[in-house]
Structures are given as C-alpha cells and as structure tokens.
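Asks: Residue numbering for the sequence shown is 1 to 178, as defined by UniProt numbering.
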Amino acid sequence: RPVALPVGFALVVKNSGDSSRLALARRLVEALAVALPGRRIDVVADSAYAGKVLRGLPDSVTWTTRLRSNASLYELAPRRTGKRGRPRLKGSKLPTLAKLATNTKFTPVTVTAYGTTTTVSVAVIRCLWYGVFGPQAVQVVLVRDKSKAGYDVALVTTDLAASAAQIIERYASRWSIE
1 RPVALPVGFA LVVKNSGDSS RLALARRLVE ALAVALPGRR IDVVADSAYA
51 GKVLRGLPDS VTWTTRLRSN ASLYELAPRR TGKRGRPRLK GSKLPTLAKL
101 ATNTKFTPVT VTAYGTTTTV SVAVIRCLWY GVFGPQAVQV VLVRDKSKAG
151 YDVALVTTDL AASAAQIIER YASRWSIE
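(1) Evaluate the contact criterion for the stretch 105-117 versus the stretch 154-172: three or more CB pairs, one atom per stretch, below 8 Å.
(2) If contact is defined by three or more beta carbon pairs under 8 Å, each pair taking one atom from either stretch, is the stretch 39-54 in contact with the stretch 21-29?
(3) For the stretch 52-107, list the alpha helix (DSSP H) runs that are entirely contained and at least 4 residues long, ordered along the chain.
(4) Is DSSP giving GLN136 helix, strand or coil here?
(5) Where does ALA172 sit, in a helix, a strand or coil, going by DSSP?
(6) With H, G and I counted as helix, E and B as strand and the rest as coil, what does DSSP make of VAL12?
(7) Report the option in PHE133, VAL138, VAL120 whose CA atom is closest to the CA atom of CYS127.
(8) Using DSSP with H/G/I as helix, E/B as strand and the rest coil, what is ALA31?
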C-alpha cells in the first residue's frame with residue numbers, strides 16, 4: 001500500500017524570482033534521494049509539476065504526472081548513422097494525443113483506483129517528451145473508459161519498467177494535497 005508522508009517543505013516566495021515550485025519540488029526530491037540512498041522514490045504529481053527542471057533526475061527517482069493535451073511527443077532517437085556530425089537526440093514528431101488515441105490499439109486492464117476495481121482500456125507508447133525530459137525515454141499511458149472513443153486521461157512516467165496498471169494505480173493513489 002502506498003504511503004504519502006510530508007518529509008520536507010520549502011516556502012515559495014512570490015515575486016522573488018528565486019525559484020519556481022517545480023524547482024523547489026526537484027530540490028526536495030533530490031534531498032530525499034540523498035537521505036535515503038538505495039531506495040527508489042516514485043514521485044506522483046499533477047501536470048503543473050512538469051518542466052525542463054526535471055531533466056537529469058537521479059536514477060533512483062521516477063516521475064509520474066498527467067500529460068498535457070498539447071504535449072509534443074517524439075519517437076525515440078534513431079541509432080547513430082556512422083556519418084560525421086552530432087547524432088540526433090530525438091526521432092520524428094508523433095501526432096497529437098487525439099490522433100494517437102484513434103490510431104493506437106487499446107487493451108483492457110483491471111485497475112484498483114480510488115477504492116474501486118474497474119476495467120479500463122489502455123494504450124502504452126514509449127517515446128520522448130523532449131520539451132520536459134529531454135532525451136530521456138518516457139512511457140505515455142492513454143486511459144479510456146471501455147465504452148468511449150479517444151482517451152480520458154494521458155499519463156506520462158519516467159518509470160519504463162512499470163506496467164500500465166501500475167502507473168494508473170500509482171497516479172490514482174497520489175496525495176490530494178500537493
């Protein structure tokens with residue numbers, strides 16, 4: 001069972017130009033990773049907590065958040081060509097989430113979220129959200145009710161080992177006070 005405990009805090013001073021909420025969140029998570037060496041830390045946040053500040057997180061930290069509907073997703077970087085010059089950092093641009101939802105095969109999974117067990121349809125796409133995580137691969141999980149078309153929610157995570165059901169359950173178990 002997941003546990004959400006407040007283990008640190010930082011004050012956001014408005015109009016100080018000091019740091020954003022996301023930068024402060026990253027610093028808190030990095031401090032927690034240093035305090036708990038060898039432990040895995042799964043951070044779950046809403047879409048406001050996604051930005052370039054998250055590039056290069058420690059290996060022990062995974063970040064799961066809701067994907068913005070206007071996110072620019074890219075295929076993974078192609079292999080080196082063997083030619084001179086800098087290798088590409090990202091592949092071709094993927095279509096919008098709405099188009100991906102119509103062209104991607106959804107499979108049913110059973111999840112326990114918000115106290116109930118239900119079956120939802122999911123599609124998993126491994127790609128780059130270059131604008132936020134840079135060249136780090138992410139998993140995008142499109143979730144929809146079985147009876148609907150399109151998608152209801154899109155989640156993104158840096159945890160490439162987690163299943164779609166685990167990602168959905170992790171997101172649903174986040175603390176309501178962020």
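Note that the Cβ used here is the ideal one computed from N, Cα and C, for glycine as well. Just so you know, these numbers come straight off a predicted model, no measurement behind them.
Replies: According to the structure data:
(1) Yes, the stretch 105-117 is in contact with the stretch 154-172.
(2) Touching, yes.
(3) Taking only runs of at least 4 residues, the alpha helix (DSSP H) segments lying wholly in the stretch 52-107 are 97-103.
(4) Residue numbering aside, residue 136 sits at position 136 when the sequence shown is read from its first letter. Assignment of GLN136 by DSSP, reduced to helix, strand and coil, places it in the coil class.
(5) Counted from its first residue, the sequence shown places residue 172 at position 172. Correct three-state label for ALA172: helix.
(6) Residue mapping note: residue 12 aligns to position 12 of the sequence shown, counting from 1. If DSSP states are grouped into helix, strand and coil, VAL12 belongs with coil.
(7) Residue numbering aside, residue 127 sits at position 127 when the sequence shown is read from its first letter. Just measuring C-alpha positions, the residue of PHE133, VAL138, VAL120 sitting nearest CYS127 is VAL138.
(8) To locate residue 31, count along the sequence shown from 1; it is residue 31. Helix, per DSSP.
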